[in-house]
Amino acid sequence: MDLLADYFEHIQEMPVFPDVQPKFLTSLFDEPLPETSSPTAQVLKEIKEKLLPFCTHVGHPGYMGLITPSPNPVGVIADFICSALNQNIGAYSIGPAGVAMERQTISWLTGLVGYGQQAGGNLTSGGMMANFIGLKLARDWASGDRAQQDGIEGRWAVYTSEERHVSVDKAVDAVGLGRTALRALPADAEFRVRLDALEAAIAEDKKRSVRPMCIVGIFGTTNTGAVDSIRELRKIADRESMWLHADAAYGGGMLLSNEHPFRDRGLELADSITIDPHKWFYAPLDAGALLVKDETRLTASFGMKPSYLTDEMDQGKERYQYYVHSFEQSRRFRGLKVWMSFKRYGARLIGEWIDNNVRQAQHLYSLVANHAEFEAASNPPMSAICIRYRAGNLNQGDSKRLHALVVERVEKSGKFWISTTELKGKTWFRINPVNFRTQMIHIEQLLTLLEVECRATLQSVAN
Ligand SMILES: Cc1ncc(COP(=O)(O)O)c(C=O)c1O
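Residue numbers (my numbering): 10 to 472.
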């Protein structure tokens, strides 16, 4: 605990990313399996010397990269307690109070998205697993609950935006449809899926006897936080008897915002929803969630009961057995950190952190809007913003090289960490504060650093 208290106290003084080569790290840990014991103090000393200096300090205010939050301190303590108790939430008999707390946590989340009493869900390892479960629920429902036994017959299709996260592709593959069953549809200027393209793709599939199975709407895209029109997607899904899954892995955080709560965007109309407390609820990894409007769909999809898991003490059928209602069996007591985070900070304070991150992205947008050398991809509805260096009129190849060189220099600076991405055929810096330590000043300092590094790099790329 002292080690961690010290770590958090001095986190702002460390370089966000270590100046170290992968080879050095491999050699640092290269040793044979220890045959004999060592004192704990010795092992912790190694952690202090070999691990701490070479981490990506996601809690540093300059970390604005791939979506991993500054973990809230109570969530860290929760994980400590969780490991000590080692409750296995897969079965009631290995964690009765843990199961009840996770059920309550899920109930808070279903209430937040606007679902009713029939709703349920699971905490998962993350959005990837939640999207997989969502697609499995879709497949099983669309098959009249035959696919669980027989697989699927014929060709089926899933529709989503070109701006989806790759977890959707993996999920379509994992439920046995094959990646070519995914129709990645073009997005509009605001990066929302184009409904005309969706209608055209459905019509084309039906002409070729391909069955439309599911639409995956994105509620907060990874690149720009764009929100698809869930209401319109619902209408189309109903007309075509399709399941509607919404990926709110990142954007679900906006439901806690005090200033732009996004509760009027129709998220509750989706049949199932991915939402990740380990993204914008600032819970430490791992805590994703799959929510479903009708909880009985989980049982229909997964409900197997092997004899060795029989709970003889459950004659009254009052014990909730997660293994019957989910894909995972042995699993960590993830509910604890989400439960403790809500209890300690409350939805309103977490909402303030979220609103600060949104304001930071909007501030960067307004700085860039008046900037001769930079442009933004869109006005950010959330905290993810993409900007690019447009000075020098570089061709796409040179521009890609410039952006790659600049993020490398930013990483080396030790002050910030950001990534790059591709949007509409161009390369961009992707900047995404999901961090309660980031302040406006850090945004301004980041832009100043980008100005300096882009100008310096432009000269070398242009020569
Ligand atoms: C929109 C979206 N969906 C799904 C995922 C995957 O979530 P995870 O990394 O928790 O598996 C991400 C990750 O960034 C995401 O942005």
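Using N, Cα and C, we set each Cβ at its ideal position, and we do this for glycine too.
Please read these numbers as outputs of a predicted model, since none were measured by experiment.
Report the three-state DSSP secondary structure of residue i (helix, strand or coil).
i	result
residue 57	helix
residue 136	helix
residue 397	strand
residue 299	strand
residue 245	helix
residue 254	strand
residue 131	strand
residue 281	strand
residue 463	helix
residue 42	coil
residue 35	helix
residue 22	helix
residue 101	helix
residue 361	helix
residue 269	coil
residue 62	helix
residue 211	helix
residue 187	coil
residue 259	coil
Can you name the residues that DSSP bridges to residue i?
i	result
residue 72	426
residue 384	397
residue 170	194
residue 435	432
residue 223	167 and 252
residue 236	228
residue 440	394
residue 202	196
Between the beta-carbon of residue i and the beta-carbon of residue j, is there less than 7 Å?
i	j	result
residue 211	residue 253	no
residue 133	residue 299	yes
residue 410	residue 437	no
residue 463	residue 232	no
residue 114	residue 348	yes
residue 399	residue 384	yes
residue 85	residue 166	no
residue 414	residue 386	no
residue 278	residue 243	yes
residue 241	residue 204	yes
residue 276	residue 360	no
residue 352	residue 87	no
residue 310	residue 149	yes
residue 412	residue 429	yes
residue 401	residue 471	yes
residue 106	residue 302	no
residue 445	residue 362	yes
residue 292	residue 350	yes
residue 447	residue 70	yes
residue 268	residue 364	yes
residue 141	residue 190	no
residue 180	residue 144	yes
Could you check how far apart the C-beta atoms of residue i and residue j are, in whole angstroms? I think they sit under 8 Å.
i	j	result
residue 146	residue 306	5 Å
residue 76	residue 443	6 Å
residue 332	residue 324	At roughly 18 Å, the Cβ-Cβ gap does not stay under 8 Å, so residue 332 and residue 324 are not in contact.
residue 171	residue 193	5 Å
residue 26	residue 65	5 Å
residue 263	residue 110	Not a contact, Cβ separation roughly 25 Å.
residue 328	residue 296	Not a contact, Cβ separation roughly 23 Å.
residue 136	residue 258	3 Å
residue 274	residue 239	6 Å
residue 270	residue 251	So it is not a contact: roughly 28 Å between Cβ atoms.
residue 393	residue 370	7 Å
| said: Can you confirm whether the segment 271-286 touches the segment 119-133 when touching is taken to mean that 3 or more C-beta pairs between the two stretches lie within less than 8 Å? | reply: Yes, the segment 119-133 touches the segment 271-286.
| Below 8 Å, can you find three or more Cβ-Cβ pairs linking the segment 410-429 to the segment 453-463? | yes
| query | Contact between the segment 86-98 and the segment 49-62: three or more CB pairs below 8 Å? | reply | no
| query | Okay, do the segment 195-210 and the segment 231-248 touch, 3+ Cβ pairs below 8 Å being the bar? | reply | yes
| task | Determine contact between the segment 78-92 and the segment 287-302, defined as no fewer than three beta-carbon pairs at a distance below 8 Å. | result | yes
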